[in-house]
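**Student:** I have a structure here, written as structure tokens, and I will follow up with some questions on it.
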Amino acid sequence: MSSHVFHLRILFSFGSVKVDDEEDASKVVEVEACDLPSLNGLMSEESLQQWKQSWQEAIKQADSILELPFPIFWSSLIYSPKILQFIDAFLDVFPRQWELEEMDLYMNRDPLVRSLAIGLYERVLFILLRAIIGRENKTSLSDGFYSRTIYDHKVFTVERLFDLINVYWSSNNAAVTNILKRTIGVQRKYMNDAGNYVDICVQRMDVVAAELNSLTRHPFEKEGCGDRVASLLSMLIGLFEALQIFHPFCCPEIRHKCFASLPISIASLVERLEGYLTEPVFAQLALCALWSTSRSLLRLYDEFRASALQLFHSLISMDKLNEETIATFQEALAYESFIFYYNMVYPINVTLASTISNEHAHDLSKFFNDTLTEISTKQTHMIIDALKNRGLLVQLGNPIDDTISSVLSEINELLPHFSPQFIHLCLRHFGYDKERTTNALLDTTMLPLDLRALLFADLSLETVPSNTGLQFELPIGMCFRFFFAGIINLSSALYCLCR
């Protein structure tokens with residue numbers, strides 16, 4: 028119990044009568060310090076029992092916070108750090124979307140773990156919502172007091188808001204939306220904090236890029252390399268999604284000042300990762316594309332690119348397009364791989380149509396069209412060359428396996444506007460899954476970006492004869508359906524892949 032005495036200005040409403048009163052809020056309730064452990068796949072039985080005990084205690088603490096009278100709740104929230112520390116302890120350990128698998132392992136087999144995780148998850152959200160409602164029963168906070176308090180007393184910091192997005196958005200987006208509207212949406216003081224946090228995000232992107240560069244210099248020589256690459260890509264996806272959710276709730280002034288340089292940082296990151304990951308990692312993973320883990324990593328990388336493109340477009344198009352938009356696109360042209368994929372998903376000529384003034388429309392449109400055409404041709408050839416080097420164009424359109432040949436013919440009859448070569452390439456990508464391949468061809472937005480780039484490419488001229496005797500290095504120690512190591516003949520090794 029705190030010995031400090033202070034006054035909290037509360038507005039009480041009794042029917043039609045409103046009275047300003049100075050409420051003695053000296054009875055601050057101190058919440059016990061809570062050291063919450065996190066779940067992980069290597070926990071012993073003893074550690075799991077300790078986890079259960081800690082989370083049971085945390086639920087009791089959350090219930091006691093929710094039961095506080097409204098004035099005392101706010102007094103404790105403002106003048107004691109304990110409640111916010113309690114909230115942060117939960118937000119720190121609750122798994123993000125890219126970390127949920129380990130919790131699912133326990134939640135699916137232990138009903139108590141599931142009950143405790145969901146119970147504390149819900150209670151912390153109720154505490155956070157209670158901190159933004161401003162009114163409870165006949166007691167309410169004045170708007171001016173509330174607006175000052177949430178910022179001046181750090182009830183909702185930018186960091187805490189991003190943690191909220193990462194933990195709660197997927198299952199409680201309406202609640203998170205209300206919190207963002209009542210915080211960043213009403214208080215301009217967040218401007219400097221938002222700017223600083225964006226800078227921190229860019230620094231994190233650089234750190235992740237550096238680690239990926241280090242990991243992929245000698246791929247698969249380091250234990251758990253693939254898992255770490257997947258974790259880092261998932262982390263970036265989570266960061267991009269949080270930024271995209273957070274950004275629209277900021278006032279235009281904050282958006283303009285704090286997010287102006289972020290699009291180019293995103294373009295730069297994607298361009299760097301294309302160099303770090305595409306050749307050293309995925310060229311070898313493509314040799315075992317029938318592995319579900321390989322396809323998962325390839326799919327994850329495509330999700331990373333898609334989330335980066337989506338955030339870039341959101342930042343560009345949120346406010347009225349102007350000359351700064353044109354300047355951003357011009358600068359982004361230097362990142363050819365990024366702008367190639369971006370233009371594929373969000374055609375730049377459509378975005379710029381409402382931006383370019385009539386005076387410069389012809390010259391600028393011609394400049395962008397010519398530059399993008401040149402980049403598109405170059406990038407398409409690079410994709411085809413990369414597929415060829417990985418052996419993925421061997422026997423393309425002419426599968427050796429009779430079953431695969433039959434599936435190819437069926438899909439080609441259903442969708443004759445696609446070439447047999449392109450359908451065969453899609454079958455290989457989806458592990459020869461007929462249903463998934465057909466669905467993706469019916470809705471080409473389901474295709475990975477590299478395949479979408481080849482929708483209208485002539486693949487028949489790029490087929491590599493099966494007797495070329497090309498050599499490709501397989502990573503030693505990996506388990507294939509055939510047990511070779513070192514340099515082998517591609518025509519025999521890729522039979523299982525290129526049937």
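Residue numbers (the working numbering): 28 to 526. Heads up, the beta-carbon is just placed ideally off N, CA and C, and yes, glycines get one too. In this text the structure is predicted, and so the values were computed from the model without any measurement.
Give the C-beta separation of Phe286 and Leu342 to the nearest angstrom, bearing in mind that I take them to be a contact with Cβ-Cβ under 8 Å.
**Tutor:** Confirmed, Cβ separation roughly 6 Å.
**Student:** Tell me which residue opens and which closes the alpha helix (DSSP H) that Met218 is part of.
**Tutor:** Run containing Met218: 217 to 244, per the alpha helix (DSSP H) assignment.
**Student:** List in chain order: all unbroken alpha helix (DSSP H) runs of 4+ residues lying wholly within the segment 77 to 115.
**Tutor:** Runs found: 97 to 106.
**Student:** Buried or exposed: where does Pro447 fall if 16 or more other Cβ atoms within 10 Å of its Cβ makes it buried?
**Tutor:** By the 10 Å Cβ count, Pro447 comes out buried.
**Student:** Is the beta carbon of Glu358 sitting closer than 9 Å to the one on Lys405?
**Tutor:** The answer is no: Cβ separation not under 9 Å.
**Student:** Hey, Ile105 and Val182: beta-carbon distance below 9 Å or not?
**Tutor:** Their beta carbons are under 9 Å apart, which means Ile105 touches Val182 by this criterion.
**Student:** Run the CB neighbour count on Gly161, radius 10 Å, all protein chains shown included, and call it buried at 16 or more, exposed below.
**Tutor:** By the neighbour-count rule (16 or more Cβ atoms within 10 Å), Gly161 is buried.
**Student:** Does DSSP put Met70 in a helix, in a strand, or in coil?
**Tutor:** The answer is coil: DSSP assigns Met70 none of H, G, I, E or B.
**Student:** Beta-carbon separation of Phe276 and Gly222 under 9 Å?
**Tutor:** It is not a contact, given that the beta carbons lie outside the stated cut-off.
**Student:** Compute the distance between the beta-carbons of Asn240 and Arg299, then report whether it is under 9 Å.
**Tutor:** Contact: yes.
**Student:** Just the Cα atoms here: how many angstroms apart are Tyr373 and Thr243?
**Tutor:** If I take the Cα positions, the gap works out to 30 Å.
**Student:** Counting C-beta neighbours from all protein chains within 10 Å, is the total for Gln88 16 or more, i.e. buried, or is it exposed?
**Tutor:** Buried is the call here.
**Student:** Does DSSP classify Asp397 as helix, strand or coil?
**Tutor:** Helix, per DSSP.
**Student:** Where do the ends of the alpha helix (DSSP H) carrying Cys252 lie?
**Tutor:** Where Cys252 is concerned, the enclosing alpha helix (DSSP H) stretches over 252 to 273.
**Student:** Less than 6 Å between C-beta atoms, sequence neighbours within five positions excluded: which residues of the same chain meet that for Ser65?
**Tutor:** So the list reads Val120, once near-sequence residues are dropped.
**Student:** How far does the alpha helix (DSSP H) with Pro443 in it extend, from its first residue to its last?
**Tutor:** Note, Pro443: premise wrong, no alpha helix (DSSP H); not H, not E.
**Student:** Secondary structure at Asp62, three-state DSSP: helix, strand or coil?
**Tutor:** Of the three classes helix, strand and coil, the one that applies to Asp62 here is coil, per DSSP.
**Student:** Return the first residue and the last residue of the alpha helix (DSSP H) that Tyr369 is part of.
**Tutor:** From DSSP, the alpha helix (DSSP H) with Tyr369 extends over 363 to 372.
**Student:** Tell me which residue opens and which closes the alpha helix (DSSP H) that Gln357 is part of.
**Tutor:** From DSSP, the alpha helix (DSSP H) with Gln357 extends over 350 to 359.
**Student:** Under 6 Å Cβ to Cβ from Leu75, same chain only, skipping five residues before and after it: list those, please.
**Tutor:** If we look at Leu75 and ignore the five residues flanking it on each side, it has no Cβ neighbours.
**Student:** Classify Pro279: buried if its beta carbon has 16 or more other beta carbons within 10 angstroms, exposed otherwise.
**Tutor:** Exposed, because fewer than 16 other Cβ atoms sit within 10 Å of the Cβ of Pro279.
**Student:** Flag this pair as yes or no: are the beta carbons of Ile192 and Ala269 separated by less than 9 Å?
**Tutor:** Yes, they are a contact pair.
**Student:** Is it the case that the Cβ atoms of Gly171 and Ile86 are separated by a distance below 9 Å?
**Tutor:** Cβ atoms of Gly171 and Ile86: not closer than 9 Å.
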